[in-house]
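Here the structure is laid out as structure tokens; the discussion comes afterwards.
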DNA sequence: CTTGACATGGCAAACGTTTGCCGTTACAAT
DNA sequence: ATTGTAACGGCAAACGTTTGCCATGTCAAG
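Protein chains in written order, with my numbering: chain A, 48 to 406; chain B, 48 to 406.
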């Protein structure tokens, strides 16, 4: 039922070849007048190119696959949006595959992607993984987005966790805190190591002594933040500030402080990491370092398009930095929370602001 | 580079026609022995059908488009997952289009979908909209998912908000509350009207008098819940329970109660709606009615596949019911919060549990 | 022995594009 | 007048499938 190139060409009194060239802006010259005639005719007739047929012929589909390990995650959708917004400008399309870390489904999905002859892939993984899946698609350009693992590899986007942790500790030190405790992530995650390193770096920068008594390892969950903070607050010389490696653990630390009869931030200052929605809704709201998901998505799309169009073999590894968002849990000296602080978490503006790109 | 049907056929010593029929399970008979030979050969040679070519020939792509107005929303990803999980079982694929309610981008996206000759569309919209976009794709099977608008239309999935609100008020009445206030959503949304109706229905059921003094209209945001609750609590005969039409306003109500020196739930019980993550993280955790996004996604996919495969003209409208999740803000008599309550919000199990389907 | 039905398999057209190759014309340079 | 170059346009092949149609062989019923 849809109008084809043949019909369009016949209506314009030209061959399909000419019509095709007029529409695609081919390098082959075509008379400007006829070109315009074809274009306007295409408009009026409502011609829409059959992308399936085009894909079959050109073996390029202007489609990239996005493989994510969980679309139900506070971070993934933002990354996806970053990717899609960037792709859109270049008239690329994306197909999202949600694997849920199920290898069987993943390999089936990859087969599907191959069958659809997508042009490239962005792989959004929160965990490290073997390279098995990658091999299958090795012939296609491939870009990684790693939220919790840093990769020195080329063709990858990751986060400068060290820098982010420095930001947090800097802030606390600047407020005058000298005993700053740290609740880290579990072992085996690069993010845990890097944020710990950032914590240490910042301490050194401020000539503060690193003490193992002020560091505990959590598991990203609220309870672990709660337990760790309770431990710190029972010490003879309790810390005046706690930096947690994510917002959930920071919230746990706040609850523990409150249970101990301490006021946040007057008695204990707390800083989190990630800038999840909860950080803007809790009481007090949580000072935190943003995880620049949107920018990461954009950067990965940019990398992939470079790979596709400039025929470069590989792109550099991109590392993105978050920024500090100061809220009540660290700063505001008055105890009472101005109501205006409870703003919507993610407005379009917010997506882009607060995130800076490096590399 | 990938192995084609021709190569496979030649290797098996048959024609492409036979190979095709062996692989696709065509109705045309093919000798069982040769069929097996072809299948195993396909396996060893790593043959993957070119879905582009197949799509060109058959004009069916086993792909459905998912058009969402915002992928950055606490609800959309869960709906998407419901859709994709269901589609996956039937070897369908999906393409997600994020419109951000930008009509220009939306129409471009729809053109793209047409060009890709997708088989059908699931439209996930949180707001009501004109049918303009729909017309363009009218030739394709189309299913709506409406989270905040109910549609009597066929080919649509929506929520039984009336029922959900009843659930909440029932719960409060059962706990002995007789003055139950209501913070509603803004006008113009079906969800607001339906939840209000449910509130009234439940009151009637319990022989409780409806009073306009106990109802205020919020705007879904935390502040409005805060302001509304403060208003209620200043009344000479303050309510002992507050039902808010979403979790954010419920949280605002909790904050207002706490500011007024009242304990939740001992002095004021609060129930929300939606079961967003915050409801499981706040202090106290919030009793709420689930918005069964995952089930809605599944149901819409089922509807669409019915449309595609059974050649039915239309499917019935499906209405899905949420369930009540009792947490501390309404029930727990003791003031202190057991730490175990702070569990991960969305585990795979959770996706399916707590949601019941009707119709 | 004839006929019809069925199992099996191949030929080739078709799906709607893009593009290499060739032909024609116009025009400038020699 | 001849040649070279560029602009313009058409023909037809190709991309990898699926499928209508036809051909052959087999076998059972008449």
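Positions of the beta carbon are idealized from the N, C-alpha and C atoms, including for glycine.
For residue i, the first and last residue of its enclosing beta strand (DSSP E)
| i | result |
| --- | --- |
| residue 291 (chain B) | 288-291 |
| residue 334 (chain B) | 334-337 |
| residue 140 (chain B) | 140-145 |
| residue 264 (chain A) | 262-264 |
| residue 329 (chain A) | Neither: residue 329 (chain A) is in no beta strand (DSSP E) and is coded neither H nor E. |
Nearest residue (CA-CA) to residue i, options the options
| i | options | result |
| --- | --- | --- |
| residue 130 (chain B) | B:168, B:97, B:298, B:50 | B:168 |
| residue 97 (chain B) | A:334, A:324, A:158, A:222 | A:158 |
| residue 310 (chain A) | A:324, A:297, A:331 | A:331 |
| residue 265 (chain A) | A:307, A:296, A:78 | A:296 |
| residue 166 (chain A) | A:117, A:108, A:209, A:204 | A:108 |
| residue 203 (chain B) | B:171, B:220, B:217, B:225 | B:171 |
| residue 93 (chain A) | B:56, B:319, B:162, B:237 | B:162 |
| residue 290 (chain A) | A:312, A:306, A:83 | A:312 |
| residue 149 (chain B) | B:173, B:116, B:139 | B:116 |
| residue 139 (chain A) | A:349, A:367, A:82, A:190 | A:349 |
| residue 280 (chain A) | A:304, A:267, A:123, A:272 | A:304 |
| residue 260 (chain A) | A:53, A:340, A:364, A:283 | A:283 |
Three-state secondary structure (DSSP) of residue i
| i | result |
| --- | --- |
| residue 55 (chain B) | helix |
| residue 307 (chain B) | coil |
| residue 112 (chain A) | strand |
| residue 371 (chain B) | strand |
| residue 127 (chain A) | helix |
| residue 189 (chain A) | strand |
| residue 316 (chain A) | strand |
| residue 237 (chain A) | helix |
| residue 132 (chain B) | helix |
| residue 248 (chain B) | helix |
| residue 378 (chain A) | coil |
| residue 180 (chain B) | Residue placement at residue 180 (chain B) cannot be trusted, given a pLDDT of 49 that sits under 50; the coordinates are not used to answer. |
| residue 359 (chain B) | coil |
| residue 296 (chain A) | helix |
| residue 302 (chain A) | helix |
| residue 243 (chain A) | helix |
| residue 49 (chain A) | coil |
| residue 200 (chain A) | coil |
| residue 60 (chain A) | coil |
Opening and closing residue of the alpha helix (DSSP H) in which residue i lies
| i | result |
| --- | --- |
| residue 154 (chain A) | 150-162 |
| residue 216 (chain B) | 208-221 |
| residue 356 (chain A) | 340-356 |
| residue 87 (chain B) | 79-92 |
| residue 270 (chain B) | 269-281 |
| residue 70 (chain A) | 63-71 |
| residue 98 (chain A) | 98-105 |
Residues that DSSP places opposite residue i in a beta bridge
| i | result |
| --- | --- |
| residue 230 (chain B) | B:263, B:291 |
| residue 170 (chain B) | B:114, B:191 |
| residue 205 (chain B) | B:366 |
| residue 321 (chain A) | A:337 |
Cβ-Cβ separation, residue j to residue i (assumed contact under 8 Å), whole Å
| i | j | result |
| --- | --- | --- |
| residue 298 (chain B) | residue 269 (chain A) | Actually they are not in contact, since the Cβ atoms of residue 298 (chain B) and residue 269 (chain A) sit about 16 Å apart, beyond 8 Å. |
| residue 276 (chain B) | residue 300 (chain B) | 4 Å |
| residue 194 (chain A) | residue 338 (chain A) | 7 Å |
| residue 113 (chain A) | residue 142 (chain A) | 7 Å |
| residue 372 (chain B) | residue 322 (chain B) | 6 Å |
| residue 128 (chain A) | residue 344 (chain A) | 6 Å |
| residue 231 (chain B) | residue 262 (chain B) | 7 Å |
| residue 82 (chain A) | residue 69 (chain A) | 4 Å |
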